[in-house]
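Chains as they are written, first to last, in UniProt numbering: chain L, 1 to 463; chain B, 1 to 463; chain E, 1 to 463; chain W, 1 to 463.
We treat Cβ as the ideally placed atom computed from N, Cα and C, and that holds for glycine.
4 protein chains.
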Amino acid sequence: MVFDKFHEECGIAGVFGDKDAANLVYLALYALQHRGQEGAGIACSDRRSLRVEKGLGLVADIFKRSILERLSGDIAIGHNRYSTAGENHLKNTQPIVADINLGSVALVHNGNIVNADVLRNELVSDGAIFTSTSDSEIIIHLMAKSNEKNIIDAISKSVQRLKGAFSLIFMTENMMIGLRDPFGFRPLILGRIRSSHVLVSETCALDLIDGEFIREIEPGEMIIITDEGIVSYYPFEKVEIHPCIFEFIYFARPDSRIFNRDVYEIRKAFGRKLAEESPVDADIVIPVPDSGIVATLGYSEYSGIPYEMGLIRNHYVGRTFIEPAQSIRHFGVKLKLNPVKSVIAGKRIVVVDDSIVRGTTSRKIVKMLKEAGAKEVHMRISSPPTKFPCFYGIDTPTRSELIASTHTIEEIRKYITADSLAYLSLEGMLDCVENSSFCHACFSGAYPTLHKDGNGYNPKSEV
Amino acid sequence: MVFDKFHEECGIAGVFGDKDAANLVYLALYALQHRGQEGAGIACSDRRSLRVEKGLGLVADIFKRSILERLSGDIAIGHNRYSTAGENHLKNTQPIVADINLGSVALVHNGNIVNADVLRNELVSDGAIFTSTSDSEIIIHLMAKSNEKNIIDAISKSVQRLKGAFSLIFMTENMMIGLRDPFGFRPLILGRIRSSHVLVSETCALDLIDGEFIREIEPGEMIIITDEGIVSYYPFEKVEIHPCIFEFIYFARPDSRIFNRDVYEIRKAFGRKLAEESPVDADIVIPVPDSGIVATLGYSEYSGIPYEMGLIRNHYVGRTFIEPAQSIRHFGVKLKLNPVKSVIAGKRIVVVDDSIVRGTTSRKIVKMLKEAGAKEVHMRISSPPTKFPCFYGIDTPTRSELIASTHTIEEIRKYITADSLAYLSLEGMLDCVENSSFCHACFSGAYPTLHKDGNGYNPKSEV
Amino acid sequence: MVFDKFHEECGIAGVFGDKDAANLVYLALYALQHRGQEGAGIACSDRRSLRVEKGLGLVADIFKRSILERLSGDIAIGHNRYSTAGENHLKNTQPIVADINLGSVALVHNGNIVNADVLRNELVSDGAIFTSTSDSEIIIHLMAKSNEKNIIDAISKSVQRLKGAFSLIFMTENMMIGLRDPFGFRPLILGRIRSSHVLVSETCALDLIDGEFIREIEPGEMIIITDEGIVSYYPFEKVEIHPCIFEFIYFARPDSRIFNRDVYEIRKAFGRKLAEESPVDADIVIPVPDSGIVATLGYSEYSGIPYEMGLIRNHYVGRTFIEPAQSIRHFGVKLKLNPVKSVIAGKRIVVVDDSIVRGTTSRKIVKMLKEAGAKEVHMRISSPPTKFPCFYGIDTPTRSELIASTHTIEEIRKYITADSLAYLSLEGMLDCVENSSFCHACFSGAYPTLHKDGNGYNPKSEV
Amino acid sequence: MVFDKFHEECGIAGVFGDKDAANLVYLALYALQHRGQEGAGIACSDRRSLRVEKGLGLVADIFKRSILERLSGDIAIGHNRYSTAGENHLKNTQPIVADINLGSVALVHNGNIVNADVLRNELVSDGAIFTSTSDSEIIIHLMAKSNEKNIIDAISKSVQRLKGAFSLIFMTENMMIGLRDPFGFRPLILGRIRSSHVLVSETCALDLIDGEFIREIEPGEMIIITDEGIVSYYPFEKVEIHPCIFEFIYFARPDSRIFNRDVYEIRKAFGRKLAEESPVDADIVIPVPDSGIVATLGYSEYSGIPYEMGLIRNHYVGRTFIEPAQSIRHFGVKLKLNPVKSVIAGKRIVVVDDSIVRGTTSRKIVKMLKEAGAKEVHMRISSPPTKFPCFYGIDTPTRSELIASTHTIEEIRKYITADSLAYLSLEGMLDCVENSSFCHACFSGAYPTLHKDGNGYNPKSEV
Ligand SMILES: Nc1ncnc2c1ncn2[C@@H]1O[C@H](COP(=O)(O)OP(=O)(O)O)[C@@H](O)[C@H]1O
Ligand SMILES: Nc1ncnc2c1ncn2[C@@H]1O[C@H](COP(=O)(O)OP(=O)(O)O)[C@@H](O)[C@H]1O
Ligand SMILES: Nc1ncnc2c1ncn2[C@@H]1O[C@H](COP(=O)(O)OP(=O)(O)O)[C@@H](O)[C@H]1O
Ligand SMILES: Nc1ncnc2c1ncn2[C@@H]1O[C@H](COP(=O)(O)OP(=O)(O)O)[C@@H](O)[C@H]1O
Ligand code: SF4
Ligand code: SF4
Ligand code: SF4
Ligand code: SF4
Ligand SMILES: [Mg+2]
Ligand SMILES: [Mg+2]
Ligand SMILES: [Mg+2]
Ligand SMILES: [Mg+2]
């Protein structure tokens, strides 16, 4: 299927102090599967050495019993990976595990280091060798070069060099360390299972493994978990935080709570606000399932227009298909979504989706609804137009491919053949989260890291 | 996961007269994947001979490009299979392909032959050999023994010997034949793609391949598709028809139209009727997704209680998981469903599901909702209590395992720990389909075939 | 690699009365792997029912521990299969297992039924259905139609209808039955492991599983093995026996004893006789390894010419290879054989192989030896020219592809570019086995079955 | 199977300047498969970047067409790997590919660095990170730290730090570099295919790909292959060379020429010398195939005792097998070797093998021959007793496990139950190669590197 979504680049998890650590991390990664579906890995410490197992594909397909059994020990960290096209290789799969002067260390990373090229060049000139292209290897090199006497100081010193988005979990033979960048772009949650501690990207992972929510790791916080307990450090200067608002719009699961808010509630508020800002006279409102469902419920609630499941999402989505020789209209979208004719036919319909990237999918959906007999199709988007790429760990097309970057809303409406089209306003969106310090650069171009030092905007990505 | 649902035993499809026949059947089977997930097969005719490819697992995993390329020809039939526990073997996978006195013939079957044992014993005594335990092999044997001079007469004569449920598609080198038993238990739809003809279990399969709906094959009808066109026969005595009402309740996809009704509309009507019959004072109504969604929308509409997605269904359901050593509460259900705490906490909740089989899943769901903070949990089921096994192509537990067969509704309520429990009444259900001739034996014990000749009820299944 | 050998079509094995039966059959099949490398299967009886597992590929790759564990029971039979090009399918893989009027029966077959088409047509007209194209299914049908009251009579009656080559092992829930056709084309050996009985194609399979040789099943003998012991029947009229002499020349392993002779000794006698009939003045004699080794030792012994390993056979032969874009001379042969230049260069060489089929391989070998510096290359073949196809269970090319059928020896010599070429004479060969009743039809055209009833020669195969 | 052999640790190959480079390297690795069977990898340069593909298992199983097609470019290097028990992981599989200050570089290594631990510790203290435990990563780090301005100087400087055995092939985007340690422990051959250059461990790899032998890389030589041609450097001080004599005894293929000698001729000379030193009155002499074959031919030639193939080596050796519950005598050896009873029975036999490691295999062979009826069994070994471990790239057991290290020859004879036992003498062996400067440390304890600086003997391996 053509890539027509922003993509989260990772989900991460760690367990400290449970003899079933690798198994729990595996289940946490399953609950975080939506954050990365191309590969996964788990590293484990048995207090004597570290072992790692990785693979390409879905968590449940990679980790068979025999592989999990090899991962014995009571500390484990893991990673789900989204890979950019073409490089579906084990090479960049995490966790990275390395031996350095301070011992063995494993690392998983959710986010993106904006100054990776600068750091990498500097390290290479200084004699470092790189066997992958992952940001994580840079972090390990910074630690190895830090001249610090212990892991904690080495990490503190190294992460101060990083610009960009990074939620990290480190593991040594006896320690697990969680850390969020000072802007707090990506979430990281602390939980507990009996006497063991857990770190996960979203609370839905805690739910699956019966973990209890303790609190979020704070932006800029570094938390060290050992047999002695938990200690916090703040290695960074304090700055205004900028959590990624797109996590609420699309990436996170609706049953998660992140950035101290319930995704479901925020997503519903977006829908209500969208109804308030852009009402329409219609018979029914339907979601583009599943990501559009919760905002649609909000839209229906505020507008009073009845909610229906006018598009059915296939349960077996996600595999590659062999298209027949004769062309099938809207094939890519049809493999995923099918209209319910009896619901659609003869109706004036509002259809709600979370975002439009290239516009090709929306166009197919609108056409499919019209072919199913819709009298009018009004597209409503529960976020503002996405005009700018993200440099903070989300895989986005270049600016020229973002339809909202090069077209007016009216032009987009024409292209997708809708009777009307409206986006949630930036102000409306920020209202819903009651905080304007969230990152919203992909809508506004206001890159938090660019503001600070003029270095955040990566021109190479624009080619 | 423990088996706690009735299971459809098959989905079938056929295409006549398209050089891409096997590829179209493959896509149709993908759209019918919910009717059988353990194996699939496609047979193809290139007008000189028949070829078949089968495998275990999901359609998209079995049929890679190289395999589809081997299936050249312009006629193809296919089958999705549900297998009863333990016998996950290729042996019984369909299509069955055999050489008989009238040439080569392939066959797929959706349903269950009630007098299979009798026929099989008779055939074996008469010198037949059986290499599988499938009903289809019986049908082929009856054809081979029929002494008829052509395939059509051989089929007509053979199917007259069958009692029970059977939607069949036959293929020879130059012909495709569709057939439904006189009671019409299982659906079978006729469609068209350009100049080729298509047979499928549900209309959702037509939608995916851009097929146009023509009409349903009628109960007792046999339709012969050749290069000359389409001809109909009625090899059976006319009887009152008994389509399976459970197709509406659960098996069919909500975006399908079968038995000349829209599944979505019927399912929603069930929900409305349920609200009418068993109202409750509550804050929200939530579905057990996905099968409970549409009835819940009906319940919400009639009752005015706001609809919420209080349980989130994991997108990666369906794989086997390695449970951790330490036990996780409600593990089986949690892999599939997770409550949204902000929606649930402090609320009086109506939760709507399509049916209760053993009760174990419902119990876990109620407990999970209470642990998420629900003040009250009222379970509403959009069908009557399932008290009897099905002998018409649905895999059901024995009577003793059906909780409604051995317990009163109050006892079930207690077991599942709900604050209240109500089922849709038999009359209410039949009202919604405006026809009391539908089969409802699993609720009422009124087996259509038993009525006719006292032979429908298979005591062996009760062990 | 191009097919340039006659190919044995099967190896078979059975064990009665050992709780490890399937495991022993698996090892026996491994020892018989040279008789069929495309697929294998094992059926097992636990005294209540039969179970079968099959696969494509080598025995050691198909039967993993988990699969062998499913084959519990103390009776097992198995089969290695050679498949003719294109039809690499599980469908025809043996054992065939079927339910008939006399119960469940499994069957493995080594050989070829000459009148298979006649029998199949007759059975099909009589209402039989065929789901494979294997001869074994014919035999099961004959049994099912036999009207006999017990398995033994059913087998006796059925096999009397067969013409051609058949070494068979049947298994029921409580019995194992071995049988050889009256001509005795293919071997079948009876052995013992402690208190259990074993049937195998060659004695090398007994050696691997520590089995003791008892005796050969005689041509025309049917041996019934039950808990009560062993009984013999002779269901056929007595005829002159015709064991396949090619088993000695090439098919059987040199460490086996079959037809009451040691393969090694016969093969060496062929070599000595070849030296006697066709001497040559040369510096060294080398084999085409491994099949040519033993005859070469005989040639060296008689002639006094020193034996050397002038060609080294690669240990990893048997996998498919990706040829490079630029052509490599003699690529197919080079993947298997490499000349030792220091042995070859400047020498007059006799090179001994077992047979020549198309001549393409021999031509490459001779050229390769010349390029390695050989002064003269004299090819000696330890069997007569193969001019006729085999209809008794060996896969041979058609007559027009057999170089000796269409060319004189001098023409062949020119084609393969040898300095001289000689074959063993028919008389010389028969001298070595001290019996002229052996089948030698592929050399002489004297088909044993043709002699008897004019029905043995299958003109269809000549197309 | 129990490990009862010394094992070569690698085979390496490289091609410069052929658009089919990866395919040729793949075939070269197939020809070198006997030097490492646990994993393989190929790296390729398309003059813009390096790409690598690796896998576990045999070359022909890892490199399917689709994988080879990804390796486009005209420079490629590859590696076959032997892995020590337990660590069957991709992590240490070569080629290693890394980005350093001088660009991208790939490396394959045959041998063992004696001072690896020292160098690794030094590098780690200096801030290096290690993601594998392979020696190659050390070499890359040394290059990265070398402060040299070009790859050639970086390599020269780095390899001067290495002690031990190393035949290396480096690749950059535009260059291929071959290098042998100054002692010349492991072979490395230079060849040509049309206008491209080739480096391989043994000449048999040249033969398969139609390559022409040019010459050996000399001990201590570094050869740089670019589009401009070939240049040689000698970065090391000149020392007396010590090629590994065990390559002749066992590791190399008999059809190879290495160290400017033909393996076949040397191996045959060992056999003749053994016959001269340790004659015996016997009826036949047989090899332990295949490694014992050529020496046996020498023994037979000198002694006049007739050569026979009394043991047959199974063609399908090398897979894991499921042993039956009941024990089978000599199971491990029987899966590989089977005696020919007609050859053995009643005879006085000399059996020749290349070496004895633990003695367990020899014991099983002698017993098997006696059970096959041998009157006397005289074991002759075509090398001296192996008493010391190797530190130069051969996987050997510790001293305590080497039977010759802890037992007298008479004790060994008793243990293996032979009627007599004799080894080739050290002097006799060295006579055959006409040079006493070969390494023979595993026989004599005279470690070349120990002689030089007292650092060669690695006490850790002795645990
Ligand atoms: N069961 C669910 N109900 C509603 N939203 C879900 C559910 N599961 C996941 N999601 C959300 O939907 C997103 C992806 O779903 P979907 O719309 O089906 O695919 P797409 O990525 O093509 O938009 C996830 O990132 C998550 O936020
Ligand atoms: N996207 C969908 N929305 C609503 N119902 C669906 C959808 N897809 C399938 N169904 C229906 O739901 C049934 C199965 O879904 P689900 O409830 O998730 O699983 P379970 O079989 O465990 O109840 C299908 O048989 C079908 O009727
Ligand atoms: N170890 C062996 N030594 C000698 N002959 C063997 C050995 N193993 C098998 N054989 C014989 O060699 C035949 C096949 O070997 P080979 O010549 O290598 O292959 P090809 O089938 O291409 O001729 C077998 O059918 C068997 O008779
Ligand atoms: N065809 C051959 N004939 C003789 N020797 C061979 C042949 N192929 C490989 N070799 C040599 O035999 C060695 C391994 O063969 P073998 O004795 O069969 O196994 P093992 O490693 O158990 O001794 C190789 O390392 C090589 O030197
Ligand atoms: S640019 Fe957009 S997607 Fe990226 S972090 Fe900011 S809000 Fe999130
Ligand atoms: S018994 Fe129930 S499931 Fe079976 S056909 Fe009748 S209504 Fe359908
Ligand atoms: S024709 Fe040849 S191969 Fe066939 S059985 Fe007779 S001797 Fe054997
Ligand atoms: S110690 Fe032995 S095996 Fe090692 S290099 Fe020296 S001779 Fe070769
Ligand atoms: Mg979506
Ligand atoms: Mg459900
Ligand atoms: Mg051969
Ligand atoms: Mg050996």
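Alpha-carbon to alpha-carbon, residue j and residue i
| i | j | result |
| --- | --- | --- |
| E/THR361 | E/CYS390 | 20 Å |
| B/HIS433 | B/ARG186 | The question names His, yet the displayed sequence has Val at residue 433 of chain B. Taking the straight line joining both Cα atoms gives about 16 Å. |
| L/SER134 | L/ALA22 | 23 Å |
| B/ILE140 | B/ALA98 | 8 Å |
| L/ARG51 | L/LYS19 | 15 Å |
| E/CYS244 | E/ARG358 | 21 Å |
| L/GLY184 | L/GLY220 | 7 Å |
| B/PRO235 | B/PHE166 | 14 Å |
Run of the alpha helix (DSSP H) containing residue i, from where it starts to where it stops
| i | result |
| --- | --- |
| W/ASP283 | W/ASP283 -> no alpha helix (DSSP H), and no H or E assigned at all. |
| W/GLY298 | 293-303 |
| E/TYR392 | No alpha helix (DSSP H) holds E/TYR392; DSSP gives it neither H nor E. |
Identity of the residues DSSP links to residue i by a beta bridge
| i | result |
| --- | --- |
| L/CYS439 | L/CYS244 |
| B/THR133 | BP columns for B/THR133 are empty, so no partner. |
| B/ASN338 | B/ILE312 |
Opening and closing residue of the beta strand (DSSP E) in which residue i lies
| i | result |
| --- | --- |
| E/VAL231 | 229-233 |
Cβ neighbour criterion (16 or more within 10 Å) applied to residue i
| i | result |
| --- | --- |
| L/GLN160 | exposed |
| L/ALA13 | buried |
| E/SER303 | buried |
| B/THR203 | buried |
| W/ARG35 | buried |
| L/TYR307 | buried |
| W/ASN147 | exposed |
| L/LYS347 | buried |
The stretch 125-140 of chain E: which residues have C-beta closer than 7 Å to a C-beta of chain B, in chain order? SER125, GLY127, ALA128, ILE129, PHE130, THR131 and ILE140
Which residues, in order along the stretch 328-361 of chain B, keep a beta-carbon less than 8 Å from a beta-carbon of chain E? none
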